[in-house]
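Numbering (mature numbering (1 follows the signal peptide of the UniProt record, and there is no 0)), first residue to last: -19 to -1, 1 to 519.
Heads up, the beta-carbon is just placed ideally off N, CA and C, and yes, glycines get one too.
This one's a predicted model, so the numbers in the text were calculated from it and none came from an experiment.
Structure, rendered in structure tokens:
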């Protein structure tokens, strides 16, 4: 946050523009705004159109966020904005919204605002479809999503807390000078602490959790919390606890990589984007150089400054200009591909935006694959690896939360999800049970129903059978492959009217060459289960 006063008075850039019809083709930039003059704001950076300045204020009758907005995130159908203070007393044009503002993620229409959230705002993470956690300068507080209410502080979480992430099992939160807390989201209690002076935390594509110190990366096992240290070779990453922002430490979800901008000290950034390959454990400290490094006044990162587009795997970098004062009216947004090539630059309208961080829209639902059966005959304990059956194109699939939502007949079958995100089906007696599994990806929930027929209970020494099934490619042109550990008894193909289509099936392959282009339903029956999946025929 830059607390300075300029001799020049300005018109506020882009104060009111026509509202966009939707906010899916592009990304958002949350702005601190000009301290002492304007409350926090939101710009929408369209991929193919003009920038929608102050998009939130445009659709909310000149309302804004609180003072020095530092964090924004989308969870479910809501957009959460966190500011350090409730209002900027110097703002005469926009109505302040409080330390927490909740808006509709699709329309940006305001839902609620809160001046008091337990301390000065830092960050927000969705825990499940019913609650979230708010990190503040004074600990972590609960937020009731259903009833839109600020709750109590999580026990033993006092002090300044920065970034938080939700994995499929836990919440990891960085506490200044203490370490990374691991919080059980079911009980809202700290279950472990990884001690150390950490600055931020992310989760990689392979599900590993990574926390960063000044000159170290620490890998954290998401289940056991075991750690491994990787020393940063020559550069360093300084935290921003003194004037907190979310920081440039960020992870891709299309590639197993981490990125950040190197630091000179806590208040001066470097000019290099660093890349870390999680798979190989190697650093590239010269992955890319910030543009605009010639001349007296140079481009410098501001706020979090760096984020990875979850769909394209591109890096979004925001910069301003060194020199203080009026130089901060100059702001750029740069796009890099995942090879470090600068592919696009946009200069924003001149104004003291002080950009805090980029936020990407959540456009897609999680998708359950054919590897999850619709019917199952269980005469022994059966295991389905839920990690392999669910994906989300614009969110981290490894972080999807799975739970048994309901079981109509626990006397016949028990259903539980173990620590490895595997569904364990155990016969308890004869009968049929309908089991509903819920998949929550960043607040968007899809349910999948499994009908289980059990003939008898299972002894503790009985064999455990792990189901594995795949149907590919999809879309298909000539051949659809069916792969299963069990014998495939039959494969049936239906058109959208429900008519059975005669297609040959042999040696694990369905010949779809003669099918007209369109959408079909494929039902495959094995010795233990029934799988069904929509097929696109090219």
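N- and C-terminal bounds of the beta strand (DSSP E) containing residue i
| i | result |
| --- | --- |
| residue 286 | 280 to 289 |
| residue 334 | Careful: residue 334 lies outside any beta strand (DSSP E) and carries neither H nor E. |
| residue 166 | Looking at the DSSP string, residue 166 is not in any beta strand (DSSP E), and its letter there is neither H nor E. |
| residue 369 | Unbroken run through residue 369: none, as it is neither H nor E. |
| residue 576 | There is simply no residue 576 to check, as the chain begins at -19 and stops at 519 in what is shown. |
| residue 420 | 412 to 422 |
| residue 64 | 59 to 66 |
| residue 133 | 130 to 134 |
| residue 190 | 190 to 193 |
Backbone secondary structure at residue i - three-state DSSP
| i | result |
| --- | --- |
| residue 86 | coil |
| residue 218 | coil |
| residue 499 | strand |
| residue 377 | coil |
| residue 310 | helix |
| residue 225 | coil |
| residue 205 | coil |
| residue 515 | strand |
| residue 361 | coil |
| residue 403 | strand |
| residue 236 | coil |
| residue 246 | coil |
| residue 56 | strand |
| residue 92 | strand |
| residue 23 | strand |
| residue 147 | strand |
| residue 450 | strand |
| residue 269 | strand |
| residue 46 | coil |
| residue 185 | coil |
| residue 436 | coil |
| residue 5 | coil |
| residue 154 | strand |
| residue 140 | coil |
| residue 478 | coil |
| residue 275 | coil |
Limits of the unbroken alpha helix (DSSP H) element including residue i
| i | result |
| --- | --- |
| residue 37 | 36 to 40 |
Residues that DSSP places opposite residue i in a beta bridge
| i | result |
| --- | --- |
| residue 315 | 298, 326 |
| residue 263 | 258 |
| residue 118 | DSSP output for residue 118 lists no bridge partner at all. |
| residue 428 | 419 |
| residue 344 | In DSSP, residue 344 forms no bridge with anything. |
| residue 408 | 394 |
| residue 113 | 107, 124 |
| residue 492 | 460 |
| residue 80 | None, per the DSSP bridge assignment. |
| residue 471 | 506 |
Spatial distance of residue i from residue j (CA atoms)
| i | j | result |
| --- | --- | --- |
| residue 259 | residue 514 | 33 Å |
| residue 216 | residue 228 | 16 Å |
| residue 246 | residue 191 | 21 Å |
| residue 281 | residue 97 | 33 Å |
| residue 301 | residue 399 | 48 Å |
| residue 69 | residue 405 | 53 Å |
| residue 390 | residue 408 | 11 Å |
| residue 147 | residue 42 | 34 Å |
| residue 33 | residue 315 | 17 Å |
| residue 266 | residue 320 | 13 Å |
| residue 93 | residue 87 | 15 Å |
| residue 132 | residue 394 | 37 Å |
| residue 24 | residue 36 | 6 Å |
| residue 413 | residue 493 | 34 Å |
| residue 482 | residue 292 | 36 Å |
| residue 264 | residue 214 | 8 Å |
8 Å Cβ cutoff met for residue i and residue j
| i | j | result |
| --- | --- | --- |
| residue 382 | residue 344 | no |
| residue 198 | residue 179 | no |
| residue 102 | residue 77 | no |
| residue 140 | residue 122 | no |
| residue 298 | residue 317 | yes |
| residue 54 | residue 64 | no |
| residue 269 | residue 237 | no |
| residue 309 | residue 333 | yes |
| residue 432 | residue 355 | yes |
| residue 349 | residue 364 | no |
| residue 341 | residue 374 | no |
| residue 155 | residue 182 | yes |
| residue 517 | residue 500 | yes |
| residue 75 | residue 44 | yes |
| residue 484 | residue 496 | yes |
| residue 107 | residue 95 | no |
beta-carbon residue i near the ligand GDP non-hydrogen atom, thresh 7 Å
| i | result |
| --- | --- |
| residue 118 | The model on display carries no ligand, and the ligand GDP is accordingly not part of it. |
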